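Data first, discussion second: the structure below is written as structure tokens.
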Amino acid sequence: MDDPSVDRFLVRDADSLLSEREVAAVDEWLASGRRFHHMRDYFTHTELLLPAMWGGCTSVIPSVTTLIESFLSGDQGAARFTDQYFLRAALWPTVRESILNHDETFGFHDAKPFPDHPPIRWRATQFRVGSNAAYQSISGESARPSGSRQQVELAHANEPPVADDAHVHLGKWTLTMPFFLIDEIRSGQARVAVR
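Reminder that position 28 of the sequence shown reads as 39 in our numbering, one-by-one numbering, no gaps.
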């Protein structure tokens, strides 16, 4: 937000999947003339400004680094929600003056429904804007002791395998991974090997 070479920015979680629904909403924001954009797409999306579902123009808010430092010097809230508290206290009073909200659940702050869009490539019954792609896990038997790691490889046909370390607990390894990879394992398009 403090980068002078950037005109507009989007804030997203690293584990959330972009979708056609979000692209249509962002395109509508870009054409709206509003300086900020925010989306709510689930019943738990209740904060004024969700930390990973908004964007804006960089020229509106003065040094966000200074604002963060100032906020953190006096914050006594729960560390897990510091980003939400910061957005509410330090940015919302400015952001709310020129914002396009997409929100079909609460309709907060003159929200609009999400615009029409092509079909979503992800499982529509479980997908929402801001979804955590890695909310599922796979597991298997392990002879290793609890607290150790088990290397697990995921392989697709004609591609080199990708390895990750799974946690071992009580004779089982568990590895969290994106739901679409778990779907590929279940359908036989990918296979898992333990090393």
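For glycine and all other residues, C-beta sits at the position ideal for the given N, C-alpha and C.
Predicted, not measured: the structure shown is a model, and the values here were computed from it.
Per the C-alpha coordinates, the member of Arg51, Val163, Arg197 and Trp40 positioned closest to Thr185 is Val163. In the DSSP assignment, Ser81 falls within the unbroken alpha helix (DSSP H) covering Val75 to Gly85.
Restricting attention to Asp18, Ser153 and His56, the CA atom closest to the CA of His178 is found in Ser153. Here Phe20 is bridged, per DSSP, to Gly67.
According to DSSP, Ala174 shares a beta bridge with Glu164. The three-state reading of DSSP puts Leu102 in helix, counting H, G and I together. The beta-bridge partner set that DSSP reports for His120 is empty. Beta-bridge annotation (DSSP): Leu111 is paired with His48.
Residue burial is scored here from C-beta neighbours: Asn169 has fewer than 16 other C-beta atoms within 10 angstroms and is therefore classed as exposed. In this structure the segment 41-49 does not lie against the segment 78-86, because fewer than three pairs of beta carbons, one per stretch, are closer than 8 Å. When Leu21, Leu78, Ala204 and Tyr53 are compared, the shortest CA-CA separation from Phe125 is found for Tyr53. The Cβ atoms of His48 and Val37 sit closer than 8 Å to each other. Sequence-distant Cβ neighbours of Ile196 in its own chain, meaning closer than 8 Å and more than five residues away, are Ile149, Leu165, Arg202 and Val203.
Taking a contact as a CB-CB distance under 8 Å, the pair Phe82 and Phe97 counts as one, their CB atoms being some 5 Å apart.
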